[in-house]
Amino acid sequence: MVEKSKRVDHQQTHNAKRQRVGSHHRHGEISNTSRVAKVATYNEPLIASGMIYAEKLEKGAIRVMTLSRGSGSDPVVCGLKKIRFAGQPSSGEVSSYDALSYVWGSEEDPEFINLRQNRFAITQNLFEALVYLRLPDSDRTLWIDAICVNQQDIVEKETQIKLMHQIYGYAKRVLSWIGTADAGNHRIFENLHRMQDMVRDIFPLAGRPIFGTTLTLGDQEVSNRDETALRELLDRPYWFRAWIFQEMKFASSFIVKCGADEVPYEWLEAFHIQKQHSCVGGETTTSFVDNLDSSLPLLHTDQSFSYYFLDCLLNKHCQERHDSIFAFWNLFPDDIKRSIPINYTISPDELLLQSARAIINSTRSLYIFVIKGRQVPPTDTKEHWQTTMPSWCPYLATPRNSSVIKPQSMPSVFAEEATVSFSTNNKLLVRGFVIGRVAQSIRRPKHV
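Mapping to this note's numbering: the sequence shown position 45 is 1083, numbers consecutive.
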């Protein structure tokens, strides 16, 4: 764990953001006002010409990106090189890169970088990340999916997804870019330092996975202002990404970076509080705990495939609907992987059916019903197809109307196995006992 956060003096990054349009013009870029097309529109001819991804990736190979040194209004200049790893990494080359975890963001009105001497379009969020990540006096090596993977080569994308656990696992660090700083950003990170120091001083074990912490430590109470600042941090779109689970799971070091501030993820995880595990006396701020519980996955707990993990994955967001499943593929047990091949050419409804069937067959559990019963049906017309799926299929990327039910709260229910099968027309067939009939049901009042 890093003892102090690294606040890099990157005043020049702000200048770069103000001056980047002028910089683009000096390198043949087009003006901000006319950049209305999407990233793919600009890159398609360039990629098709073979100027960027001339060399194909053989089995077990990846590309990494060299981010050239620079500062201020210097153009963002990058190169690509191929490295390979089979099994465990055998040289320093493999572990010499950092992997970026981030939100793509809107693909409209893109920014441009110099990639292999060519103008290459990327999203504004990624551009801002590169401006903050580059060093003034040395190059750095990164793996970034939008640049290192040919996004227009479906076969390459499918192959690289299968390697994600190795890509993030072999990286020296995984850098979690949650966006640029706002007015209160630095205060948020200063608060994390202060709270972490308090917890470490009072209870040295508090940061370990089996312990929780409270927000009241002796007579030093976390103020509403502090709580609001941390809540804002957790409300950022990054925390609702589907891909974050595997990126965290396989990372050896996970660093949260917001503008020029960065802290180890464990510092945030320390505040993912379970009230029943409080190790320091005092009252816990319930709303804050609930917010943490819904936003932050636990990095060190067993996030391999489980009921809790399944419950968490279904309300996460992706750019592509297929990724609502594929983002978790490397976390599935082998029998589920075999039943869900990574294939972007199949329809989303077929993929959802395959996945739900595979999960039920593997777990021999009907817990998936519990999930479906607490999901909010999709209202977007583009997602209407989900409402026509079999009733036992959960929804993808929709919110829950109640919190996740943790397995430890209902051990006998989660331990039961069901006798299930499927008909040819996708009906779920189950065996059970009729023990009674529910005559009436009521909802618990929200104020209780």
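For every residue, glycine included, the Cβ atom is placed at its ideal position computed from N, Cα and C.
Residue i: CB within 7 Å of a non-hydrogen atom of the ligand ZN
i	result
PHE1227	Only the bare structure without any ligand can be found here, which leaves the ligand ZN out of the picture.
Pick from the options that is closest to residue i, judged by C-alpha positions
i	options	result
PRO1428	GLU1454, GLU1149, LEU1391 and LEU1272	LEU1391
ALA1078	ILE1293, PRO1432 and SER1144	SER1144
PHE1460	ILE1398, ASP1220, SER1479 and ASP1191	ILE1398
ALA1396	ARG1412, ILE1378 and LEU1404	ILE1378
GLU1096	ARG1274, ILE1121 and GLU1304	ILE1121
PHE1123	GLU1388, LYS1465, ALA1099 and VAL1458	ALA1099
PRO1386	ASN1368, LYS1420, SER1400 and ILE1409	LYS1420
GLY1470	THR1462, GLU1455 and PHE1278	GLU1455
ILE1384	SER1400, ASP1361, PRO1371 and ILE1406	ASP1361
SER1134	ILE1282, THR1417 and ASP1177	ASP1177
PHE1407	ILE1226, ILE1282, GLN1190 and TRP1430	TRP1430
THR1457	SER1400, ILE1226 and HIS1422	SER1400
ILE1160	PHE1227, ASP1175 and CYS1116	CYS1116
GLN1162	PRO1371, LYS1076 and THR1417	LYS1076
LEU1118	MET1286, THR1266 and GLN1155	GLN1155
LEU1306	ASP1418, LYS1195, ILE1226 and GLN1413	ILE1226
PRO1174	ASP1112, LEU1230 and GLU1194	ASP1112
Cβ pair residue i, residue j closer than 8 Å
i	j	result
ILE1216	LEU1153	no
GLY1108	ARG1157	no
VAL1102	THR1179	yes
ALA1394	CYS1296	no
VAL1114	ILE1151	yes
LEU1105	LEU1168	yes
ALA1435	ALA1365	no
LEU1369	GLN1284	yes
LEU1138	ILE1199	no
PHE1288	GLY1207	yes
TYR1433	ILE1192	no
ILE1409	LEU1467	no
TRP1367	LYS1354	no
TYR1140	ALA1298	no
Through-space distance from residue j to residue i, alpha-carbon basis
i	j	result
ASP1136	ALA1209	5 Å
ALA1092	ILE1205	21 Å
ARG1438	ARG1359	18 Å
ILE1185	LEU1404	41 Å
ASP1373	GLY1411	26 Å
ASN1081	ASN1464	41 Å
VAL1472	ASP1147	59 Å
SER1214	LEU1271	13 Å
LEU1201	ARG1402	28 Å
GLY1110	GLU1300	20 Å
ASN1188	ILE1480	53 Å
ARG1232	LYS1094	49 Å
GLN1357	ALA1477	43 Å
TRP1277	GLY1474	43 Å
TRP1142	PRO1275	10 Å
THR1462	LEU1268	50 Å
HIS1497	ILE1363	Look at the range of the chain in this structure, 1039 to 1486, and you will see that residue 1497 is not part of it.
LEU1253	PRO1415	Only weak support is given to the placement of LEU1253: the predicted model assigns it a pLDDT of 41, under 50, and the question is left unresolved by the model.
ASN1223	ILE1282	21 Å
VAL1212	ASN1229	23 Å
Reduced DSSP secondary structure (H/G/I, E/B, other) of residue i
i	result
ALA1491	Given that the chain is displayed from residue 1039 to residue 1486, the structure contains no residue 1491 and the question cannot be resolved.
ARG1469	coil
ILE1185	helix
GLY1117	strand
ALA1496	Nothing in the structure corresponds to residue 1496, since the chain is present only between 1039 and 1486.
LEU1201	coil
VAL1212	strand
PHE1227	helix
GLU1388	helix
ILE1480	coil
ARG1376	helix
LEU1434	coil
PRO1083	helix
GLN1190	coil
LEU1352	coil
LEU1271	helix
LEU1138	strand
GLY1217	strand
ILE1397	helix
GLU1196	helix
ILE1090	coil
ARG1122	strand
GLN1366	It should be noted that the sequence gives Phe, not Gln, for residue 1366. In this structure, PHE1366 counts as coil in the three-state DSSP scheme.
GLN1357	coil
LEU1168	helix
THR1104	strand
VAL1414	coil
LEU1180	strand
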